[in-house]
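Our numbering puts the sequence shown at residues 63 to 465. The beta carbon of each residue, even a glycine, is placed where N, CA and C say it ideally should be.
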Amino acid sequence: MMGVMHKIIDSDRHVMEPVSLWKDYLEPAIYQNFKVETKVENFSDFEGALKNRPSLYKLPQIYFVGNSPILNNWGPKIQIATALRSESTKAERIAAMAPDTQLESMDSSYIKQAAIFSTFAGFIVNHSELPADASLAYADAYNRWLKDYCDYDADRLKGVGVISRHDPKNMVEQLEKVVEYGWTSITLRPEVIAARVLGHEDYNDFWAACEKHNIAIAFHGGTNLHAPTAGTDRFTSRFAMHACSHPMEAQMAFVSLLEAGVLERHPRLKFAFLEAGASWVPHWLWRLDNICYPEFPMLVEENIKMLPSEYFKRQCWVGIELGEPCLREVIDVIGHDKLLYGSDFPHPDHLHFTTDDIAQQLSELNETELRAVLEQNAIDFYGFEPSDNKSNLDKKSLLEEVE
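Put into structure tokens, the structure is as follows:
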């Protein structure tokens with residue numbers, strides 16, 4: 063039967079920042095005082111862990127900014143586990159370092175356009191031990207580097223700006239630089255940063271500026287941040303922290319914006335919650351609508367003037383995971399037009415999800431819904447102009463009508 067070509071827009075794709083970028087783009091004084099570099103630690107149990115393994119495995123490197131590790135709770139066990147896995151994911155990580163190889167990888171996965179996020183920059187910029195001026199300098203350096211990276215093919219590589227939250231007084235100025243670059247979105251961490259929740263009043267001018275410039279805000283969490291993150295108050299293992307960080311921080315980020323009145327005051331703001339899955343949405347919105355909101359409505363009447371789910375449906379998008387349950391229930395609550403597809407390339411926890419059989423992996427979606435999730439919803443959220451450039455891949459069908 064006749065195949066139908068589909069253009070996938072990847073709503074969550076990453077670069078791998080080369081360490082050299084910081085020396086090349088960062089202010090010299092900041093670089094000298096808070097240098098990003100890799101160090102190798104000598105773990106006595108490393109050789110034992112590698113017995114009967116090929117000699118290609120090496121001691122893992124640890125990234126530092128100044129005297130602090132970039133990653134929190136990144137101890138010997140996770141470093142060794144990472145080293146054991148690194149060779150199998152090396153090609154993808156190298157591909158993400160440069161725009162030409164990034165595009166080649168996109169071609170092989172049927173990706174027409176991609177929102178390009180950082181890997182390490184967000185951990186540095188939001189690091190709790192970094193002073194505000196250094197955080198700002200790192201955000202600016204990364205964004206300038208990313209601009210050069212994406213300018214290689216600005217039609218397909220869509221930069222997502224990183225904003226430092228350490229000093230809210232400079233956030234509007236940061237945003238205006240992003241606007242000057244021609245970008246349409248920024249990314250923020252969902253956590254409490256520099257002792258401020260997302261709904262903190264110090265961010266009021268920033269939210270107003272985002273609305274004024276029609277800038278979409280993508281919340282993208284990540285495990286092992288040096289900042290208070292869901293799960294770190296009770297767990298130290300990668301397994302437990304990774305289980306908690308993404309979905310629980312997404313839920314609390316929405317509540318923070320909701321109860322502070324950000325959504326009520328700025329109805330044209332657009333927010334996305336990425337890499338947290340979507341299956342939490344029906345439960346969370348049901349709880350907010352049916353238990354939390356009706357209990358004491360007078361306590362929230364100034365900032366919440368309709369059901370929490372109505373705000374979500376009006377202003378929020380959510381990234382789905384291939385194969386996750388309950389997508390039909392998610393659609394019933396917020397609609398198929400608020401779901402985004404993101405590969406998370408080249409991060410190893412998602413490399414086993416591929417686009418080769420994406421229609422089958424999302425088989426509970428009909429053709430209209432699938433087309434929206436893979437293309438139109440990203441255009442609506444990010445404000446991308448549809449790409450007219452031809453990629454190098456041999457065009458073939460991803461969606462088929464079966465008679």
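Starting from residue i, follow the alpha helix (DSSP H) in both directions and report where the run begins and ends.
{"i": "Ser-82", "result": "82 to 87"}
{"i": "Lys-97", "result": "No alpha helix (DSSP H) contains Lys-97, which DSSP labels as neither H nor E."}
{"i": "Asp-54", "result": "No statement about residue 54 is possible, as the shown extent of the chain runs from 63 to 465 and does not include it."}
Could you confirm whether any beta carbon from chain B is found closer than 7 Å to the beta carbon of residue i?
{"i": "Gly-128", "result": "Reference to chain B is not applicable here, since this structure consists of a single protein chain."}
What distance in whole Å lies between the Cβ atoms of residue j and residue i, which are believed to be in contact at a cut-off of 8 Å?
{"i": "Ala-23", "j": "Ile-382", "result": "The chain is shown from 63 up to 465; residue 23 falls before or after that span and cannot be answered."}
{"i": "Ser-124", "j": "Lys-152", "result": "Note that residue 124 corresponds to Ile in the displayed sequence, not to Ser. Not quite, the Cβ-Cβ distance comes to about 18 Å (not below 8 Å), so this is no contact."}
{"i": "His-288", "j": "Ser-130", "result": "7 Å"}
{"i": "His-282", "j": "Ala-256", "result": "That pair is no contact at about 18 Å."}
{"i": "Phe-468", "j": "Trp-379", "result": "This structure cannot speak to residue 468, because the chain is shown only from 63 to 465."}
{"i": "Phe-18", "j": "Leu-192", "result": "Absent from the structure is residue 18, since the part of the chain shown begins at 63 and ends at 465."}
{"i": "Gln-313", "j": "Trp-348", "result": "Contact flag wrong, Cβ pair sits at about 12 Å."}
Are the CB atoms of residue j and residue i within a distance shorter than 7 Å?
{"i": "Trp-207", "j": "Leu-83", "result": "yes"}
{"i": "Ser-171", "j": "Val-259", "result": "no"}
{"i": "Gly-293", "j": "Cys-306", "result": "yes"}
{"i": "Glu-326", "j": "Asn-365", "result": "yes"}
{"i": "Glu-321", "j": "Asp-406", "result": "no"}
{"i": "Asn-286", "j": "Asn-135", "result": "yes"}
{"i": "Glu-74", "j": "Gly-397", "result": "Looking at the sequence provided, one finds Asp at residue 74 rather than Glu. Taking 7 Å as the Cβ cut-off, Asp-74 and Gly-397 do not qualify as a contacting pair."}
{"i": "Asp-399", "j": "Pro-370", "result": "no"}
{"i": "Leu-389", "j": "Val-435", "result": "no"}
{"i": "Val-187", "j": "Ser-247", "result": "no"}
{"i": "Ala-196", "j": "Asp-72", "result": "no"}
{"i": "Tyr-204", "j": "Val-224", "result": "yes"}
{"i": "Ala-194", "j": "Glu-89", "result": "no"}
{"i": "Val-77", "j": "Ala-143", "result": "no"}
{"i": "Pro-344", "j": "Glu-391", "result": "yes"}
{"i": "Trp-263", "j": "Thr-291", "result": "For clarity, residue 263 is Glu in the given sequence; the question names Trp instead. No; because the gap between Cβ atoms is not below 7 Å, this pair is not in contact."}
{"i": "Leu-219", "j": "Ile-156", "result": "no"}
{"i": "Asp-210", "j": "Val-234", "result": "no"}
Could you pull out every residue in the same chain whose Cβ sits closer than 8 Å to the Cβ of residue i, ignoring the five residues on either side in sequence?
{"i": "Glu-99", "result": "Val-81, Tyr-125, Phe-126"}
{"i": "Leu-331", "result": "Trp-269, Cys-272, Glu-273, Ile-279, Val-324, Leu-325, Gln-377"}
{"i": "Val-240", "result": "Asn-205, Gly-223, Ile-225, Ile-248, Ile-277"}
{"i": "Tyr-355", "result": "Val-362, Ile-366, Leu-369, Pro-370"}
{"i": "Pro-329", "result": "Arg-376, Gln-377"}
For the beta strand (DSSP E) containing residue i, name the first residue and the last one.
{"i": "Leu-402", "result": "401 to 403"}
{"i": "Glu-127", "result": "Checking the sequence, you will find Val at residue 127 rather than Glu. Counting along the chain, the beta strand (DSSP E) containing Val-127 begins and ends at 123 to 127."}
{"i": "His-189", "result": "Careful: His-189 lies outside any beta strand (DSSP E) and carries neither H nor E."}
{"i": "Ser-73", "result": "70 to 76"}
Can you give me the Cβ contacts of residue i inside the same chain, cut-off strictly under 6 Å, excluding the 5 residues immediately before and after it?
{"i": "Lys-69", "result": "Lys-174, Glu-437"}
{"i": "Tyr-214", "result": "Pro-161"}
{"i": "Tyr-265", "result": "Pro-230"}
{"i": "Trp-245", "result": "Gly-221, Gly-223"}
{"i": "His-308", "result": "Gly-283, Glu-337, Ala-338"}
{"i": "Glu-154", "result": "Pro-408"}
{"i": "Ile-140", "result": "Arg-300"}
{"i": "Gly-128", "result": "Phe-96"}
{"i": "Ser-167", "result": "Ala-157"}
{"i": "Lys-375", "result": "Ile-396"}
{"i": "Ala-315", "result": "Pro-252, Leu-260, Phe-281"}
{"i": "Tyr-243", "result": "Lys-209"}
Kindly list the residues whose CB is nearer than 7 Å to the CB of residue i, restricted to its own chain and excluding five residues on each side of it in sequence; keep chain order.
{"i": "Leu-118", "result": "Only weak support is given to the placement of Leu-118: the predicted model assigns it a pLDDT of 49, under 50, and the value that follows is read from those uncertain coordinates. Counting only Cβ-Cβ distances below 7 Å, and skipping sequence neighbours, we find Glu-149."}
{"i": "Phe-182", "result": "Glu-79, Tyr-125, Ile-132"}
{"i": "Ser-190", "result": "His-288, Ala-289"}
{"i": "Thr-298", "result": "Asn-135"}
{"i": "Ala-201", "result": "Val-187, Val-224, Ile-225, Ser-226, Gln-236"}
{"i": "His-304", "result": "Thr-285"}
{"i": "Tyr-373", "result": "Leu-320, Leu-325"}
{"i": "Tyr-28", "result": "It is not possible to answer for residue 28, since the shown part of the chain is limited to 63 through 465."}
{"i": "Tyr-93", "result": "Trp-84, Lys-85"}
{"i": "Asn-232", "result": "Leu-198"}
>> As an exercise, report each continuous alpha helix (DSSP H) stretch of at least 4 residues that is fully enclosed by the segment 146 to 185, in chain order.
In response: Whole alpha helix (DSSP H) segments, 4+ residues: 161 to 170.
> Which whole runs of the alpha helix (DSSP H) in the segment 213 to 291 are 4 residues long or more, in chain order?
Replying inline: Secondary structure within the segment 213 to 291: the alpha helix (DSSP H) runs of 4 or more consecutive residues, fully enclosed, are 233 to 242, 266 to 274 (chain order).
>> I'd like the ranges of any alpha helix (DSSP H) spanning at least 4 consecutive residues and lying wholly in the segment 409 to 443.
In response: The DSSP assignment places complete alpha helix (DSSP H) segments of no fewer than 4 residues inside the segment 409 to 443 at 420 to 423, 429 to 433, in order along the chain.
> Taking the runs of the beta strand (DSSP E) that are 3 residues or longer, which of them lie wholly in the segment 304 to 387?
Replying inline: List check, beta strand (DSSP E) in window: 333 to 336, 378 to 382.
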